[in-house]
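Participant: Got a structure here, written out as structure tokens. Questions coming.
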Amino acid sequence: MGFSTVQDVIASNEAGLRVVGISCLSNMAAGVSDAPLDHKEVMEAGERVRETFIALVDGLVSRIVLSAAS
Numbered sequence: 001m002g003f004s005t006v007q008d009v010i011a012s013n014e015a016g017l018r019v020v021g022i023s024c025l026s027n028m029a030a031g032v033s034d035a036p037l038d039h040k041e042v043m044e045a046g047e048r049v050r051e052t053f054i055a056l057v058d059g060l061v062s063r064i065v066l067s068a069a070s
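Read in this note's numbering, the sequence shown has 38 at position 38, and its numbers run on one by one without any break.
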């Protein structure tokens, strides 16, 4: 998943797959802000949300596994 999230979801649904999407917005897109794009900003945003994001994905996967087992 990434910049093509919408297209990936459409293709997955057409293939009969169930989809969940989780995103972390890490910076403003080109042209949205006057500030130049900066990879350091992206990395810092990822570090700030890392533990929360991991907990979210772990919890979601656990719920899916438990749901499938019932």
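Glycine is no exception: its CB is placed at the ideal position from the N, C-alpha and C atoms.
Starting from V49 and walking both ways along the alpha helix (DSSP H), at which residues does that stretch end?
Facilitator: 39-69 is the extent of the alpha helix (DSSP H) around V49.
Participant: Going by beta-carbon coordinates alone, are V19 and S12 separated by less than 8 Å?
Facilitator: It is a contact, given that the beta carbons lie within the stated cut-off.
Participant: Apply the 10 Å Cβ neighbour rule to I54 and answer buried if 16 or more other Cβ atoms are within range, or exposed otherwise.
Facilitator: I54 should be labelled exposed.
Participant: On a Cα-Cα basis, can you pick out the residue from R63, S67, A29 that is closest to E41?
Facilitator: The candidate whose alpha carbon is nearest that of E41 is A29.
Participant: Once you ignore the five residues that flank A45 on each side, which residues in its own chain have a CB closer than 6 Å to its CB?
Facilitator: Correct list, in chain order: S26.
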